[in-house]
Structure formats: C-alpha cells, structure tokens
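Inspection log for the structure reproduced underneath, given as structure tokens.
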Amino acid sequence: MKKIVNNPEYVVRDMLEGLIAAHPDALKQIPETTVVARKDAPLQNKVGIVSGGGSGHEPAHAGYIGDGMLDAAVCGEMFTSPTPDQVFEGIKAADGGAGVFLVIKNYTGDVMNFDMAAELAEAEGIEVEKVIVNDDVAVEDSSFTTGRRGIAGTIFVHKIAGAKAAAGGSLQEVKNIAEKVTANVRSMGMALTPCTVPAAGKPSFVLEDDEMEIGIGIHGEPGIERKRVTSADEIAEELTNKVLEDIEFNRGDDVALIVNGMGATPEMELYILNKKINEILLDRGLNIHKTFVGNYMTSLEMSGCSVTLLKLDEEMKPLLDAESSAPAFRI
Amino acid sequence: MKKIVNNPEYVVRDMLEGLIAAHPDALKQIPETTVVARKDAPLQNKVGIVSGGGSGHEPAHAGYIGDGMLDAAVCGEMFTSPTPDQVFEGIKAADGGAGVFLVIKNYTGDVMNFDMAAELAEAEGIEVEKVIVNDDVAVEDSSFTTGRRGIAGTIFVHKIAGAKAAAGGSLQEVKNIAEKVTANVRSMGMALTPCTVPAAGKPSFVLEDDEMEIGIGIHGEPGIERKRVTSADEIAEELTNKVLEDIEFNRGDDVALIVNGMGATPEMELYILNKKINEILLDRGLNIHKTFVGNYMTSLEMSGCSVTLLKLDEEMKPLLDAESSAPAFRI
Amino acid sequence: MELTAHDIITWMKKTNDKIQSKKEYLTSLDQAIGDGDHGINMARGFNEVVVKLDDSSYESVSDALKDTAMTLMSKVGGAAGPLYGTAFLKLSTSLKGKSADYTHFLNGLEESLAGLKQRGKSQEGEKTLIDVWAPVIEKMKESDDFDASLLKHTAEDSMEKTKDIKATKGRASYLGDRSIGHLDPGSVSSFYVFEALAETIEGGR
Amino acid sequence: MELTAHDIITWMKKTNDKIQSKKEYLTSLDQAIGDGDHGINMARGFNEVVVKLDDSSYESVSDALKDTAMTLMSKVGGAAGPLYGTAFLKLSTSLKGKSADYTHFLNGLEESLAGLKQRGKSQEGEKTLIDVWAPVIEKMKESDDFDASLLKHTAEDSMEKTKDIKATKGRASYLGDRSIGHLDPGSVSSFYVFEALAETIEGGR
Ligand SMILES: Nc1ncnc2c1ncn2[C@@H]1O[C@H](COP(=O)(O)OP(=O)(O)O)[C@@H](O)[C@H]1O
Ligand SMILES: Nc1ncnc2c1ncn2[C@@H]1O[C@H](COP(=O)(O)OP(=O)(O)O)[C@@H](O)[C@H]1O
Ligand SMILES: [Mg+2]
Ligand SMILES: [Mg+2]
Ligand SMILES: [Mg+2]
Ligand SMILES: [Mg+2]
Numbered sequence: 001m002k003k004i005v006n007n008p009e010y011v012v013r014d015m016l017e018g019l020i021a022a023h024p025d026a027l028k029q030i031p032e033t034t035v036v037a038r039k040d041a042p043l044q045n046k047v048g049i050v051s052g053g054g055s056g057h058e059p060a061h062a063g064y065i066g067d068g069m070l071d072a073a074v075c076g077e078m079f080t081s082p083t084p085d086q087v088f089e090g091i092k093a094a095d096g097g098a099g100v101f102l103v104i105k106n107y108t109g110d111v112m113n114f115d116m117a118a119e120l121a122e123a124e125g126i127e128v129e130k131v132i133v134n135d136d137v138a139v140e141d142s143s144f145t146t147g148r149r150g151i152a153g154t155i156f157v158h159k160i161a162g163a164k165a166a167a168g169g170s171l172q173e174v175k176n177i178a179e180k181v182t183a184n185v186r187s188m189g190m191a192l193t194p195c196t197v198p199a200a201g202k203p204s205f206v207l208e209d210d211e212m213e214i215g216i217g218i219h220g221e222p223g224i225e226r227k228r229v230t231s232a233d234e235i236a237e238e239l240t241n242k243v244l245e246d247i248e249f250n251r252g253d254d255v256a257l258i259v260n261g262m263g264a265t266p267e268m269e270l271y272i273l274n275k276k277i278n279e280i281l282l283d284r285g286l287n288i289h290k291t292f293v294g295n296y297m298t299s300l301e302m303s304g305c306s307v308t309l310l311k312l313d314e315e316m317k318p319l320l321d322a323e324s325s326a327p328a329f330r331i
Numbered sequence: 001m002k003k004i005v006n007n008p009e010y011v012v013r014d015m016l017e018g019l020i021a022a023h024p025d026a027l028k029q030i031p032e033t034t035v036v037a038r039k040d041a042p043l044q045n046k047v048g049i050v051s052g053g054g055s056g057h058e059p060a061h062a063g064y065i066g067d068g069m070l071d072a073a074v075c076g077e078m079f080t081s082p083t084p085d086q087v088f089e090g091i092k093a094a095d096g097g098a099g100v101f102l103v104i105k106n107y108t109g110d111v112m113n114f115d116m117a118a119e120l121a122e123a124e125g126i127e128v129e130k131v132i133v134n135d136d137v138a139v140e141d142s143s144f145t146t147g148r149r150g151i152a153g154t155i156f157v158h159k160i161a162g163a164k165a166a167a168g169g170s171l172q173e174v175k176n177i178a179e180k181v182t183a184n185v186r187s188m189g190m191a192l193t194p195c196t197v198p199a200a201g202k203p204s205f206v207l208e209d210d211e212m213e214i215g216i217g218i219h220g221e222p223g224i225e226r227k228r229v230t231s232a233d234e235i236a237e238e239l240t241n242k243v244l245e246d247i248e249f250n251r252g253d254d255v256a257l258i259v260n261g262m263g264a265t266p267e268m269e270l271y272i273l274n275k276k277i278n279e280i281l282l283d284r285g286l287n288i289h290k291t292f293v294g295n296y297m298t299s300l301e302m303s304g305c306s307v308t309l310l311k312l313d314e315e316m317k318p319l320l321d322a323e324s325s326a327p328a329f330r331i
Numbered sequence: 001m002e003l004t005a006h007d008i009i010t011w012m013k014k015t016n017d018k019i020q021s022k023k024e025y026l027t028s029l030d031q032a033i034g035d036g037d038h039g040i041n042m043a044r045g046f047n048e049v050v051v052k053l054d055d056s057s058y059e060s061v062s063d064a065l066k067d068t069a070m071t072l073m074s075k076v077g078g079a080a081g082p083l084y085g086t087a088f089l090k091l092s093t094s095l096k097g098k099s100a101d102y103t104h105f106l107n108g109l110e111e112s113l114a115g116l117k118q119r120g121k122s123q124e125g126e127k128t129l130i131d132v133w134a135p136v137i138e139k140m141k142e143s144d145d146f147d148a149s150l151l152k153h154t155a156e157d158s159m160e161k162t163k164d165i166k167a168t169k170g171r172a173s174y175l176g177d178r179s180i181g182h183l184d185p186g187s188v189s190s191f192y193v194f195e196a197l198a199e200t201i202e203g204g205r
Numbered sequence: 001m002e003l004t005a006h007d008i009i010t011w012m013k014k015t016n017d018k019i020q021s022k023k024e025y026l027t028s029l030d031q032a033i034g035d036g037d038h039g040i041n042m043a044r045g046f047n048e049v050v051v052k053l054d055d056s057s058y059e060s061v062s063d064a065l066k067d068t069a070m071t072l073m074s075k076v077g078g079a080a081g082p083l084y085g086t087a088f089l090k091l092s093t094s095l096k097g098k099s100a101d102y103t104h105f106l107n108g109l110e111e112s113l114a115g116l117k118q119r120g121k122s123q124e125g126e127k128t129l130i131d132v133w134a135p136v137i138e139k140m141k142e143s144d145d146f147d148a149s150l151l152k153h154t155a156e157d158s159m160e161k162t163k164d165i166k167a168t169k170g171r172a173s174y175l176g177d178r179s180i181g182h183l184d185p186g187s188v189s190s191f192y193v194f195e196a197l198a199e200t201i202e203g204g205r
C-alpha cells in the first residue's frame, strides 16, 4: 500500500482539517463532528440540502457544498456510512427553518443511518424529507434485493435539488424534483485496478495485468464481470449501451453526461472515452445538453471510470444550468 | 500497461476530440492542428495568451483556456513539446492585433520550438513576447546548465498574466507581470509511482513498494533522491521547506499555494498534505491568501504531489483573485 | 442464573477482545463480498464501548446495555452500526426495570431480533447476521436456563451455514450467486458476540 | 564522389529503417535519463520524411534536404525536432545551387553544426548529439573524399563516449552526476544518421 497518509486511522480527520484550511471562506467544520457545512449555514428560510456517506469518494461530498448545491456534507469513515448522530448534526447545521432534504445513496448502511438521523431530527421538530439515489445499472433492481446502488448520478441530484432549494423551492418541491432526477439518471462503472482502504492495508480485490472488472461499485466491491482489458471505444460502448438500455431514451431527448474518473485515471483517458460516448449518443439522436468530464465520485486510487446519463426535461434543464459555487462543480 | 486508450499513437488526437466534444460552447480546435482555442478567439485588441507543451499533463494546458486565462493551448505529443508550426498556429489563433504572449515551461524542446514559432510569427508581423517559467527547485539553477524546470507554478503565470491581459494590459505589461510571477513562484514534487507513456508501454522508472522519489519532474524523469516512503507530514515538510528556502519569504508575506496531484493521487491525500503545509506556513508567519488543492499539472497516472508557493504583492493579488472561466481554474 | 451489570461489562470486554484479534480476518471476509470495512468498524466501535463501560458504573443490566447500544450506534457506522445498536438498544429497553434472568433475557433477545429485522428490512436466509441471531434465539427457547455450550455451538454452526446462502440483503447481494461460498462478515462478528456471552456465562458459574 | 538527390532519399530511407527498428531501444535510453519519447518522436518524424520524399521528385540535393528538414521540424517535436530540423536546413541552405561534392557537403555539415550549437545554446562535451556531430565533422576534415568506414567508426566511437560525460544540457542535465554511465539518446540517433550516410556512400560506389 503506497499512500501519502499519516496514521491510517485518522485519514478522515486529517483530510477534513486540510479541506477546511483550503476553503476557509466557503466551508466550516461543525466542531466535534465530521460535518462540513457552508460557512454561512444555516440559510434562513431556504430548504437545507444535506448529503454524505463514507469517505474516500472525494470530491464527494464536501466538494459539492456551495451556493446552489449542498448546505452540509456528513463524512463517514472510509467507505463507511456516517452514524445517525453525525447525520443529525448535519441536519441541524443545514436547518434554516424551511426543512432539510437528505440525498442518500442506496446502501443499506447509508439508508439506515440517515433514516435514524431523520427520526432524531423530527423528534426535535425539524421537518425532513429524503431521496434515495440508485443509478447504478450494474446491479439488478428488484424488490427482493437491496436494489441498485447510488453512484456518480448522485451529483446531478445534488445539483438540481440544490438549485431548486436555492430558487426558493419548498421541501416538497425539492423532493419532487430530486425524485424526478433519480428516476431519470443511470450510471455504470468499470475498473482497471482496485483500491486500498488505508486501515485495511491491502487491495479490495486483485486484477491481473490484462484484466478489468465491469460493473464495479465505488467501495472496492467486486463488479459483475471480469474480462480482458479492451479498447477505450469498446469500454465506452459497453458502459453507455448498458446505461441506455435501462430506461427509455428517445431521439431528440436532451441528456446530461458525466464521464467520471474513479480516482487514478488520467483526464486524458476520460476525454478519449468521451469522444466515443459522444459519438454513440449523437448516433442515437440524443441531444447532449451538457458534459462533465473529471473525478466526481471516486473510489480512492482506483483506476477506471463510470458513465452517467440524465434524461432532462424543461424543468430540470434550467436547474442543471443554474449557478453553483461548489468548488467541485462550479457552474 | 493498463490504460483506457485506443491506438496509443493517437491518444492526443482522440483526447482533443473528446475535449472539444465536452466543451462545445467554450473551446474549438483549429482545424488540422493540435491547437485548442477559446471559441471566440481571437479577441480584438486583447493581448492573446498562448501556452502549451507536451500532452499528458491534463488539465494543463487546454483546461486553462477561458476568460481571464489562456486564449489558446498548443498540445504536443505525449511529453513532447509541440512543433514550431503548431505553436505558430496557436499564435495566429490568439492574435487579436494587440500582440501575443507565450508562456513557456523551461525545457530545451519547449524553448526551442516556441522560439522558432515566435520567429515565424514576427516574420508575419505579429508582435510576440514570452516568459520562461522555471519554478522547480528540485533542479539546480545555474548558467552552465539548462536551469530549473517549469512545473505547476506555470498555472499561476497563466492566471495572473491572463488576468492582466483581460484587464486590457499591453503586451509589455503582461510580460512584466508574468516575469514578476516567475520570479516569485517556486515548486517541488515527489512521486510514489512512475507513469507510462502509452506508446512506450513501460514505466519511466521503477520504484520498490516502500520507495518514493523526491524532486520528480512531470515527464517521468527520475527525481533527485530515492528513499523510503515517509508520512504525509514528513513529505509536506520536505517539499515545503525546500520551496521556502529558495527565495526569501518573510513573516507577514501573502502567499498563494497549490497542492498539486500528479494524476493518480486521491484528493483525500492532497488534503492530508495541505493540513500540514498549512501549519508550516502559518508557523512561518505567512498569510495564506488562497489555496488550490487538486490535479493541476499532472504526469499521466503518476501518483505523487507537488507543492507550489507564490509570494504575492499588491499588484498580483487582485489579478490572482480576478474572475476566470477556465474549466480547470474557475474563479 | 441471572446476569448482572458486571456480567454485561465482562461480555462486552470479551467481545471486544475477540473482535480486536479478528479485526483483519473480519475485514478480509468483507473484502471478499463487501467493502472491506467490517473489521475496522467493529473494532473501532467495541473499543469505544469498553472505554465507555470502564468509565461508568452501572446499577442495572439495562443501563449498561443502553450505553453499549448508543456507543455502537455512534461509533461503528455502515450497516453494522445501526444493526448492532438497535439489537442492544432493544435488549436494554426490554430489560428496563427487570432482572436479567433467563426468561427476561431471552425475551429481550427476541425484541433484538425483531428490531434487526425491522431495521434491516430483512428476514432469515438472506445471508446477514440475522442468520446467526435467529437460530440462536430459536435454540435458546428450547432450554430454560443459560447453556454456554449450546449457545456457542448454535452460533458457530449458524455462522458457518451462511457460507452456502446467496445474499439478497446488504452489500454482498450485489454479487448474486458469486456471494455463495463466502462467510457473511456480520454473522461472524455476531458469532463472536454469542461466543463471548457463552464464556461470560461459564465464568459466572 | 558527389551525392545526388536520389542519394539523399536513400540516406533518409536507411536512417528511417534504423530508427524504426531501434525505436524501443532509443526510447529506453531516453527513459533512463530523459522522458522516454526520443524513439517515438524520431520514428514518427523519419517515417513522415520518407513519405514526403517518396511523394515528391527532386532536382537538387538541397531541395530534398529542405523537405527533410521541414518535415522533421514539424513532426518530431521535443528537443530533437528543432535540432535535427535545423541541422538539415543549414545543410540544405549551404548546398543551395551547388553540387554535393565532398567539399561542399562538408562545408554544409559545418553549417549544420554551427546551427545545432546556436539552437541548443550548447557546446561539445555537454552530452548531446553535438558530441557525435562535432567529432565526425572534425574527422571528415582530415580526408578529401567520402570515407564510409571512417564516418561510421567515428560516429560510433563518439556515440559511445557520451556514456562517460556528465550532462549539462537537455533533460539529462537534471540528473547531474547520475547521468554518467548512460548513452545520450540523441547521440545514438545521430550515430544512425551517419551510419546510414556511410551505407549510402558505400552503395553509391
Ligand atoms: N439489510 C440487512 N439486514 C441485516 N443485516 C445486514 C443487512 N445489510 C447488511 N447486514 C449485515 O451487515 C454486515 C456488513 O456490515 P459492515 O461491513 O459494517 O457494513 P457496510 O456493508 O455498510 O460496509 C453484513 O455482513 C451483514 O451481516
Ligand atoms: N541544448 C541541447 N543542445 C543539443 N542537443 C540537445 C540539447 N538538449 C537536448 N539535446 C539532444 O536531444 C536529445 C533528446 O531528444 P528528445 O528526447 O527527442 O527531446 P526531449 O528531451 O524534449 O524529450 C538528447 O538526447 C540530446 O542529444
Ligand atoms: Mg462500509
Ligand atoms: Mg520529450
Ligand atoms: Mg462493509
Ligand atoms: Mg525525450
């Protein structure tokens, strides 16, 4: 394991200190917690938007705090959902009297911890609503299972729900639009190399020099299929086609695209992927409204990528385009 | 070599197509060249700012094109300076009649190719000035050698020279401020792992599992010292102290800081470094005006980091703070 | 036999000892079919439980269990945190104002199991820690006093059986059939909990 | 003996063959003390030179050399591109309107060397391709006609001597003393250029 860290047990604590030091005017840490919030939070009479989850996905989620996006992010231990008391602190930090909206990625731990926090908040009279993002088409969605995971598509939920709240939307309106985004966003990822949780000290799985793993999660979970590394064009096709299959995309639809790096993949490779993805989408007659290429939802130093598509409508489009001051998603 | 690429010979071509596809409203590629320019270039009566160099350092340099930064970036082959004809195309694309300013990193190839391009441009009546950035303190600066390399500090030159040009500065004024930045910016880097040029197919050097290389360049050049991996705090100390030694930093000085990732290092680790760097700078009585943490000047999938410090004065400060619409450096 | 607050502290210390020494093993089980943090999370959480229990003095079993629950809830995180937190909280609530004799304790464990199922929206047979808690409690119902050896063996057998189950809940469910052949990490940590309980009972004899 | 435009084409084709077959070797030399692109760059450039020369027909040696120079300049990049471009451009300019007999050709090479030094702001002994060009030209001055074997051996010896030099120019200079013990990649490619010239002369006899 080669990492630039001090004590592996304190990576999250150290990171948060370095994060706040880098953005002293925009961010603050709620004392004695792992909650990061806008410096000026809570905003009176604005619905507060709170997200969070395990750490190791940077810039998710603290990088998405800012005007027009999140009010607070709750940072768990490495790949570990934060606890209810921490999420509750995040809710309190974001509560300006108009209620708080939780963006939760669909993992058992996240759902349980955020739900318990919501119960605590409601007991104190804070109105709380939530959305559970489940964009990962690598995983089967069925009522008998845990359902699909939440991955990079979550960023679009942050953005659009955040813009709605910034525009004065009510808690219910924010929830409605967040649910619409969730219903229309799909993603799929792959990895060339695994990642290593600092305190675990060894990689989450092992891939041979000529192997890649398709359908990878963002926590070093093994994917759904292991095969020989193919070309960028073939990878782009495999991921994009899978994403396009899951919900109906029709000629003329407006879409927004994220070509996401898993952490160690150079931007050059992401742009090479984007070339092909672009061709595929144009071939399908889709109208690419906006493209985002970069590291948005990472998995430590995993190398690989994911493709996210959001089918837009006239309500979502201006909200996606609205200004955001979040350091990792300036618009 | 594990990479998401098609034919390794065409990585730059493929990347540029994907880049333009992602930023269709902001960027254009000059046909038949590897020059990327602002969509609206050339801007009449504004000094054009052109940078460039070998590819493999993304987001450098095309990511720094935008209002308040570069007008054009000339993209060479992997780690290979672009040729004079290409640089000349970049100069023409940026020339709005007020002259063109070249930001060159101090490498023999870059200096020669850009100089020859400048001669071609001058022969066609375009006024050209330049600065040669040499911020890397890992390398000895002496008149008998090639001198120090240009690395991440170049971004500050782009930003401040770009802001001066955007504010209506003359070619000479742009040159003056760019030279001031160059005189006041220093950097130093290290690597945990090497990188592999796609067409070369094997890594530029080999490090054992417990080794790191200090004083690394951004082209897979070996560094100046190989040693056992130490903690984040020790790495931060070693790099920062070396940077602080080279020019005089006095208590009360304003500085701007870049904690730069080399490509494969997770943001988490960069923030862990920033925590310690911050402490060191505050201990020295320096006033950290602005901090930038992220992948700014990379070396493909190398893992490692560099630390850049710019000593600011009252002239540079507002120019650094001025707006920029460049995708990789939004301010 | 009746458990005392002191027994609860012993139970948690023994659990902690096991989890600390099996931290890497639990993590490697979770790397195989999950995200590789179960050992790290449980070790962090139970370490804090022991610190908390050592710093306090307890009149009742219920109070000691409540602090255990609250500490796990706020220190473990992930799926295991709310689950173990809920299980011990239900046990604590059920024993409130009561002696921890076999019947009361067993009733409490039944409440724990119900809490686990509700919190996890899951049932037996989904390859989760419920596949240890449920059969252990079922077996305990056949007896009318603590039986250390029965407890331990039932927990151990049940844990081992999780190997053959296909996961339909938790992170391992993403693997579908590929989850078969691996032990469920949460079931292994639950085995340590019951093994530690068995040893506490034996020591208390 | 006098070189013809056709000889120049042969020279460049032979150079290209060598460089293509030594592409990886050149790259690995550059990985050791540079950035690992010298073989890739030279292979790309000389390949284009051959395409260009094949597509055209030349009246004079100077014209063929000019296209060679311009192609290298616009296709190689890095340090080698402007350097080789300059060297062949100076040779072309010097031979303009002249026959490529030994004296004229040698004068031209001297112009090339001056151009290399000026472009690279460098001298002999700095571990660059100048350490092949300079001694080769020096040696040629002792003779009054093309001598293939002398050319080849001088180039080869000079190339090998770069191993012992400490680099003070180019990327290898960053390594300081650590550059000693490695061949200079540009000197090796320059050796191929002169070896190819020697073979062209031999063939032309
Ligand atoms: N829905 C569920 N119901 C009951 N137990 C579950 C459920 N989901 C997961 N578990 C248990 O939690 C364990 C994983 O815990 P842990 O690794 O700490 O959490 P995470 O999966 O969030 O990383 C699993 O091995 C399983 O026993
Ligand atoms: N200043 C210089 N003067 C003469 N030759 C030089 C100089 N700098 C570099 N070279 C030559 O160029 C070669 C490197 O070429 P190449 O690898 O293509 O360029 P780069 O160093 O830009 O990657 C060196 O081996 C050396 O022979
Ligand atoms: Mg987890
Ligand atoms: Mg080069
Ligand atoms: Mg886990
Ligand atoms: Mg080179």
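Protein chains in written order, with full-length UniProt numbering: chain F, 1 to 331; chain W, 1 to 331; chain B, 1 to 205; chain C, 1 to 205.
Backbone N, C-alpha and C fix where the C-beta goes; we use that ideal spot for every residue, glycine too.
Treat the numbers as computed from the prediction; the structure is a model and nothing was measured.
- Message: I'd like the span of the beta strand (DSSP E) that includes V105 (chain F), first residue to last.
- Response: Sequence inspection shows Lys at residue 105 (chain F); the Val mentioned does not correspond to that position. Element bounds for K105 (chain F): V100 to K105.
- Closer than 7 Å, Cβ to any Cβ of chain W: which residues of the segment 257–280 of chain F, in chain order? G263, A264, T265, P266, E267, M268, E269, Y271, I272, L273, N274, K275 and N278
- Query: Three or more beta-carbon pairs under 8 Å between the segment 291–300 of chain F and the segment 150–170 of chain F, yes or no?
  - Reply: Judged by pairs of C-beta atoms under 8 Å, the segment 291–300 of chain F touches the segment 150–170 of chain F, as three or more such pairs exist.
- Message: With a threshold of 9 Å between beta carbons, is L19 (chain W) in contact with chain F?
- Response: yes
- Task: Have a look at N106 (chain W) and G115 (chain C) and give me their C-alpha separation to the nearest angstrom.
- Result: 21 Å
- Task: Run the CB neighbour count on Q86 (chain F), radius 10 Å, all protein chains shown included, and call it buried at 16 or more, exposed below.
- Result: With 16 or more Cβ atoms within 10 Å of its Cβ, Q86 (chain F) is classed as buried.
- Out of B:R171, B:A167 and B:H153, which has the shortest C-alpha to C-alpha gap to G125 (chain B)? Ranking B:R171, B:A167 and B:H153 by Cα distance to G125 (chain B) puts B:A167 first.
- Message: For Y102 (chain C) and E48 (chain C), I'd like the C-alpha separation in whole angstroms.
- Response: Put simply, the backbone Cα of Y102 (chain C) is about 28 Å away from that of E48 (chain C).
- Residue closest to L72 (chain C), alpha-carbon to alpha-carbon, out of C:I40, C:A32 and C:E138: The option with the nearest alpha carbon to L72 (chain C) is C:I40.
- Mark I104 (chain F) as exposed unless 16 or more other C-beta atoms lie within 10 angstroms of its C-beta, in which case mark it buried. buried
- Item | Any C-beta of chain W under 9 Å from that of R284 (chain F) | no
- Those residues which DSSP pairs with Q29 (chain W) across a bridge: Per DSSP, W:V36.
- Message: For ligand 2, is there any heavy atom lying closer than 8 Å to the beta carbon of F46 (chain B)?
- Response: no
- Message: Taking only three categories from DSSP, how would you classify K130 (chain F)?
- Response: strand
- Query: Can you name the residues that DSSP bridges to G263 (chain W)?
  - Reply: W:M302
- Whole-angstrom Cβ separation of L207 (chain W) and T193 (chain W), contact assumed at under 8 Å? 6 Å
- Uninterrupted beta strand (DSSP E) stretches inside the segment 41–108 of chain F (no shorter than 3 residues): 48–55, 72–78 and 100–105
- Message: At the 9 Å Cβ level, is N295 (chain F) part of the contact set with chain W, yes or no?
- Response: yes
- Message: Using only the alpha-carbon positions, how far apart do A43 (chain C) and G81 (chain C) sit?
- Response: 11 Å
- Query: With C-beta atoms as the reference, is A236 (chain F) less than 9 Å away from L286 (chain F)?
  - Reply: no
- Can you name, in chain order, every residue of its own chain whose Cβ lies under 6 Å from the Cβ of V139 (chain F), other than the five neighbours on each side? For V139 (chain F), where only same-chain residues beyond five positions count, the Cβ hits under 6 Å are R148 and R149.
- Query: If you measure beta-carbon to beta-carbon, which residues of the segment 59–81 of chain W are closer than 8 Å to chain A?
  - Reply: Within the model displayed, chain A is absent; protein chains F, W, B and C are what it includes.
- For R171 (chain B), the nearest candidate out of F:S51, F:K2, F:E173 and F:E221 (CA to CA): Closest option to R171 (chain B), Cα to Cα, is F:E221.
- Proximity below 9 Å, CB of A191 (chain W) to CB of S303 (chain W): yes
- Item | Environment of ligand 3 in chain order, Cβ to heavy atom below 5 Å | F:F79, F:T80, B:D35, B:D37 and B:G78
- Task: Identify, in the order they occur along the chain, each residue of the same chain with its Cβ nearer than 6 Å to the Cβ of T34 (chain F), setting aside the five sequence neighbours on each side.
- Result: C75 and Q86
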